[in-house]
Every structure is written in C-alpha cells, then in structure tokens.
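Inspection log for the structure reproduced underneath, given as structure tokens.
2 protein chains.
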Amino acid sequence: MSKGEQTREAILETALASASTVGLSALSIGDLARSVGMSKSGLFAHFESKENLQLEVLRSAVAHYIDVVVAPALRKPRGEARVRSLFENWFDWSSKSTLPGGCLFIAAASEFDDQPGPIREYLVSTQRDWLATLSQAARIAVEEGHFRRSLDTDQFAHDLYSIILAFHHFSRLLRIPSSRKRALRTFEQLIESSRA
Amino acid sequence: MSKGEQTREAILETALASASTVGLSALSIGDLARSVGMSKSGLFAHFESKENLQLEVLRSAVAHYIDVVVAPALRKPRGEARVRSLFENWFDWSSKSTLPGGCLFIAAASEFDDQPGPIREYLVSTQRDWLATLSQAARIAVEEGHFRRSLDTDQFAHDLYSIILAFHHFSRLLRIPSSRKRALRTFEQLIESSRA
DNA sequence: GACTAAAAAGCACGATCGTTCTATTGTTCG
DNA sequence: CGAACAATAGAACGATCGTGCTTTTTAGTC
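Protein chains in written order, with the working numbering: chain A, 1 to 196; chain B, 1001 to 1196.
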C-alpha cells in the first residue's frame, strides 16, 4: 500500500468516527486535518471536494459493514442460523462498534432524507440492498423449512429493521439500559412468530 | 400581541420548517433572516444565542405537538380510543404535518444523541414525557378492560414508538409508498395482541 | 544516489458563520 | 402630540468554511 492510500485510509478512519458523532455534514476539513495531524490542503488533495469526502466516508463504512456484518453471516448455514447471525452482527455494529456515535447509516439517513444529491442516492441504494439481503435470508429460511411458508419476508425484513431503529433511538438518546434486553426480546418474539 | 412577539413567532415558524429539512444545527441566522426578510442582527436580538434559538424552535415544536397530537387525544374517552387517537395524531404529525422534513424530534434525536448540552437534555426530557404519556394511556386501557392485565405497558409504548420510527425511516429516506400501510397494519396487530 | 512523480504544505481567496456594538426606526402609551 | 422604550438595521469583528493555487518535501524507481 502506497503512502497516499495509507494516509487516505487514516483520514477516512478518523472521519468515520467523527461523522458518527457529529454527523456527516458537520464534518470539517480543517478539524479533520488537525485530528490526523496534517494540513488542510494536504488532506483536501485526497478528495476533490467535501461532498466526495462524505461519499468516501460512507463507502468506507459500507465496506467495513460488509466485512463485519454481512460476510460472516453468509458463512453461516442457510436458514434461521444465518438470519440470527445477520441480526446479531448488525446489533453489535449498531452498539459497540468502532463508531463512537452509533450506526452511521441511521444517522446519515435522517440527516439526508430531505437533501437530494449523490449522498442521498447512495444511502438509498445501500439501504435497498440491505433490506433485500435481509428479505432473502428470510426467504431461504422458509425454503429450509425453518420459517413458515406464509411468512411475508419483506415484512420480516421491515420488522427486523424496526427493532434496530428503536434500539438505536432509545439507547443512544435516552440511554435506557433496558433497550438492549427489549430489542433482543422483541427479536426472539419475531423469530418465534415466524417459525414453521 | 406586541410587534416583537409577532415577528418572533414568524421567525420560529420559518425556523421550524427549515430545521425539519436541513436539521437543527444547520440552521443559519443569516439564511433565516433572509427568509423572513429582516436583518441578521434584528433577528439575532430576539434570541441571545444560536443555541437559544434552537431551543426555542424545539419548544415551539413541542407546543405545537401538544396542540395537535396530545390534547385532542386526551379529550377522547379513556381506553383504547385514546390510545388509537394518540397514535393516529402522532402518525399524521410525522407524515403530513406542517413540517416539510418530517418529525423534527426524530431528526433532532439522532442529530444530538451524542452532543451533550441543553438541547440534548431538553430532547431527553420531552421524549421521556411522551413515552410516559403513551405508557399511561395503555395503563388506562388496561384499567378500562380493553387491554389484557398482563400487558407490559412500557413495552407497549416502546413498540408504538418502533412503528413510528420505522415508518419515518422508510417513508422519508426510501420513499417506499407501502410504508404507511405497513405501519398501520403493524399497529393493528399490536392492538390486537394487547386486547383483553 | 539521481530523477521523477506523488504527496503534503503553505498561502490566499471570497464567503459565511455567530456575535457585539451603535444608530435608527417604529410602536406604545400617557 | 411627544416622550419613553422596544424593535430593527447597519456595520464590523474574528473565526472558520471549502477550495484553488504554487512551492516544497517525500516516496518510489532505474
């Protein structure tokens, strides 16, 4: 890895942590440069614009997400086990991940849901992919006979998402300690009600 | 109402709409002044600081929320009817309310969940109040014999919130038209499973 | 080790930020 | 109507913003 890519990755890592707490649009190139210990212009040269920096931060988060959430789950056996793994990895990502400010995607979603442009578009496409992944995992669980045939797998994906959203909201804003247990309990109920 | 209060309310109204789309921290005093057609300093004089302006915007939103969501529901008969009314008014507020950018509280929650200070504190206290209101409405429904005695009313409030959060997320970011139906369906299921 | 290309720094730009001050206008009330 | 005061405007502040240059430093290659 060349020197350029090396610092570029270091920048993105710092930016990721910062964006998860203060938000993607509150990222400041000056602050970021100070954090990684280099000049504004030196940092800027790695990205042609701030918007591009934000996009790269998101892309980097997606790559990380695939590594720690999606890929390990796909190595689990088809069916309920894989669904469980997807949820658990996702859950861990949303809580004790390297991101100090919680899930960047959820934060970015409510930040950019009304701001048209490439960032919003990228968010939409990745969220669509993720929902499709969840839905397909549920469909496989139906095929494997773990879940009932009448299960609406899109609704299942939607319900899984609800659990994470609520957990994120309550644990991060209200710091309610029971959020975790509540989320896990709701998840078990959802699995139970989906069984064959 | 004096001239001062009059323009102050006009400012807050404009700020409310703006904050719901671009976020509370992206509120700019200069932009705001241009929108309402007055000078920066003239506008600034109404609030001692930007943080105070943000707080006043939130307070104004809470007042509006109580008017159109909470108060009408409290006039409904105790029990399931009131719970339904709370949810429906809340639902309308989150979708077709005067706020063009969706529910300001949800947006502000994920914006400030990692930023300590009076804004976060205010958000936390109002959200706590709202959860308590939901929980109490459910408790009354239990007393009235509409809901089963074994119902965990805190969990009920939590589940109600999940529905709104998911609806907000999917309808605003992904613009999925079925979000509305899905939310309403989930709500009916929740009511059904809570019945005596 | 010299040459070349990549990476970083330095500097400056116009714009906007929140905020403070003073001056001017407008409203309110005796 | 005029006095007292509230409301607004105007101008300026230091700071920071994203971005474009030009120059210097550093890394990679023969």
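Positions of the beta carbon are idealized from the N, C-alpha and C atoms, including for glycine.
Identify which residue in the options has its Cα closest to the Cα of residue i.
i	options	result
I106(A)	H1169(B), R1034(B), A1019(B)	H1169(B)
P1100(B)	E1013(B), R1180(B), G1079(B)	E1013(B)
E80(A)	E111(A), I66(A), L123(A), S135(A)	S135(A)
S1020(B)	S1060(B), G1030(B), R1084(B), F1044(B)	S1060(B)
G102(A)	S1039(B), E1143(B), F1112(B)	F1112(B)
H1144(B)	R1195(B), D1067(B), R1185(B)	As written in the sequence, residue 1144(B) is Glu, which differs from the His given in the question. Checking every option, the nearest Cα to that of E1144(B) belongs to R1195(B).
A1010(B)	H1046(B), S1025(B), A1026(B)	H1046(B)
S1085(B)	V1068(B), K1096(B), T1098(B)	V1068(B)
W130(A)	Y161(A), S171(A), S39(A)	Y161(A)
K1096(B)	G1030(B), L1074(B), S1171(B), L1058(B)	S1171(B)
A108(A)	L123(A), S41(A), I164(A), A73(A)	L123(A)
Since residue i meets chain A, which of its residues come closer than 7 angstroms, beta carbon to beta carbon?
i	result
A1166(B)	H158, Y161, S162, L165
R1195(B)	Neighbours of R1195(B) on chain A: none; closest Cβ ~17 angstroms, over 7 angstroms.
L1173(B)	A109, D113, L123, V124, Q127
T1098(B)	Chain A residues near T1098(B): none, gap ~14 angstroms exceeds 7 angstroms.
T1021(B)	D114
For residue i and residue j, what's the separation of their Cα atoms in angstroms?
i	j	result
A1166(B)	H158(A)	8 angstroms
L1016(B)	R149(A)	47 angstroms
A1141(B)	F1147(B)	6 angstroms
K1076(B)	R1082(B)	5 angstroms
S49(A)	L43(A)	11 angstroms
Q1054(B)	A71(A)	42 angstroms
R1008(B)	W90(A)	45 angstroms
A964(B)	D114(A)	Nothing about residue 964(B) can be reported from this structure: the residues present for chain B run from 1001 to 1196 only.
S35(A)	E56(A)	18 angstroms
A1183(B)	D152(A)	14 angstroms
E121(A)	G1004(B)	42 angstroms
S1028(B)	Q1006(B)	20 angstroms
Q1155(B)	R185(A)	10 angstroms
S1193(B)	R1078(B)	19 angstroms
T133(A)	K1181(B)	22 angstroms
L1190(B)	A138(A)	22 angstroms
M1(A)	P177(A)	42 angstroms
L1173(B)	L104(A)	14 angstroms
E51(A)	I119(A)	8 angstroms
S94(A)	M1038(B)	44 angstroms
G1030(B)	E188(A)	50 angstroms
I163(A)	I1164(B)	12 angstroms
L58(A)	L1074(B)	44 angstroms
D1092(B)	S1179(B)	13 angstroms
A65(A)	G117(A)	Residue 65(A) is actually Tyr in this sequence, not Ala. If I take the Cα positions, the gap works out to 23 angstroms.
T1098(B)	E1088(B)	16 angstroms
Just to make sure I have the definition right: I need the residues of chain A whose C-beta is within less than 8 angstroms of the C-beta of residue i. Which are they?
i	result
A1026(B)	S25
Just mark residue i as buried or exposed, buried being the case when its beta carbon has 16 or more other beta carbons within 10 Å.
i	result
G1023(B)	buried
S1127(B)	In the sequence under discussion, the amino acid at residue 1127(B) is Gln, which differs from the Ser named in the question. By the 10 Å Cβ count, Q1127(B) comes out buried.
R175(A)	exposed
S1110(B)	buried
A232(A)	The structure shown does not extend to residue 232(A), since chain A is modelled only from 1 through 196, so no value can be given for it.
S18(A)	buried
S41(A)	exposed
S25(A)	buried
S1125(B)	exposed
Determine the chain A residues that contact residue i at a beta-carbon separation under 9 angstroms, and present them in chain order.
i	result
Q1155(B)	R182, R185, T186
A1015(B)	Going along chain A, no residue has its Cβ under 9 angstroms from A1015(B), so there is no contact; the nearest lies around 15 angstroms.
H1169(B)	I106, A109, S110, D113, Q127, Y161, S162, L165
In chain B, which residues lie with their C-beta within 9 angstroms of the C-beta of residue i?
i	result
G102(A)	S1110, D1113, D1114
I119(A)	Within chain B, no residue comes near I119(A); the closest Cβ sits about 11 angstroms away, beyond 9 angstroms.
Tell me whether residue i, by its Cβ, gets closer than 7 angstroms to a heavy atom of the ligand ATP.
i	result
I140(A)	The ligand ATP is not among the ligands present in this structure, which contains no ligands whatsoever.
Those runs of the alpha helix (DSSP H) which lie wholly inside the stretch 37–71 of chain A and span at least 4 residues:
Listed in chain order, they are 40–44, 50–65.
As an exercise, report each continuous alpha helix (DSSP H) stretch of at least 4 residues that is fully enclosed by the stretch 1135–1181 of chain B, in chain order.
DSSP runs (the alpha helix (DSSP H)) wholly in the stretch 1135–1181 of chain B: 1153–1169.
Complete alpha helix (DSSP H) runs within the stretch 89–113 of chain A (minimum length 4 residues, chain order)
As far as the stretch 89–113 of chain A is concerned, its whole alpha helix (DSSP H) runs of at least 4 residues are 104–112.
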